[in-house]
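In this note's numbering, the protein residues as written are 1316 to 1543.
Where a beta carbon is used, it is the ideal one built from N, C-alpha and C, also for glycine.
Only one structure is covered here, and it is reproduced in the block below.
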Amino acid sequence: FDLLTKRIGTILQGSIDIRKQEALSPHCDATTIEHLIMSIAGAFVHIPDIQIEHLKRLAEFQRHHKNYAEAGYCYLTMADLYETKLRANPTKLPQSSVSLELRIRSCYGEACEMLDNARLYEECNRAYAKLIPMLEKRKNWNELASAHAHLHKIFTELDVSEQKNDRLLGTYFRVGFYGKSFGDRDGKEFVYKKPLVTHLVEIVGEMRTIYSDLLKEEVEIIADSREV
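Pasting the structure below:
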């Protein structure tokens, strides 16, 4: 009962906090929204179909914000959930099995596209290692041709990037929230991923704008790692 109450609380509070952040658009805290959607998806772990719907929402959110690696991992997680569902019900009607397999293949296909955009070529190759046997089983030669053509492209780009050593996968910042105004975030720290080369002054300005608007008060930013 306590676990159920906690899950309901997570879903309700998360939904409220997401609406508050979205009201600040286009200056919302995308990392916070991402964290909240993940929390809601986790709260539905006992209902895979609803969890998948929230993962879809998160994947589209990440794609929109060009967080392609995160979007790719959302699709991989969805594929895994569909595969678990398929294995758990091996006696289902053939139509249901085919429908689930199509969803799995679609998720792997989306994952490959996102992981390529993120320049995570090795992860893209691993996703194809799951997808290609399914295409071979169905003798889907057209999609197999596309898959192998895409693999040729990513292996070529991987070889070039390793020679140049030029893969920049993001800039990371540790952001802590301190003060009662932040509610349950008070005293907590989060890792913020920003695109490629993002300077400290940029994220400082972004955080100040977002949380001054959200809290309707001046926010003090401590732009270093000293103890708070």
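In this structure, Cys1439 and Cys1427 form a Cβ contact; the two beta carbons are roughly 5 Å apart against a cut-off of 8 Å.
By the 16-neighbour rule on beta-carbons within 10 angstroms, Tyr1487 is exposed. Between the stretch 1359–1378 and the stretch 1396–1404 there are three or more C-beta pairs closer than 8 Å, enough to call the two in contact. Residue burial annotation: Ala1444 is exposed, with fewer than 16 other C-beta atoms found within 10 angstroms of its C-beta. Taking a 10 Å sphere around the C-beta of Glu1385, we find 16 or more other C-beta atoms and assign the residue as buried. Using a Cβ distance threshold of 9 Å, Gly1491 and Glu1504 count as a contacting pair. In the DSSP assignment, Gly1491 falls within the unbroken beta strand (DSSP E) covering Thr1486 to Gly1491. Under the three-state reduction of DSSP, Glu1521 is assigned to helix.
By the Cβ-count criterion, Gly1387 is buried, with 16 or more other Cβ atoms from all chains shown falling within 10 Å of its own Cβ. Under the DSSP assignment, Phe1505 falls in the beta strand (DSSP E) whose first and last residues are Glu1504 to Lys1509. One thing to note: Cys1343 has its Cβ no nearer than 9 Å to the Cβ of Ile1536.
Take the alpha-carbon of Glu1517 and the one of Ile1348: they are about 19 Å apart.
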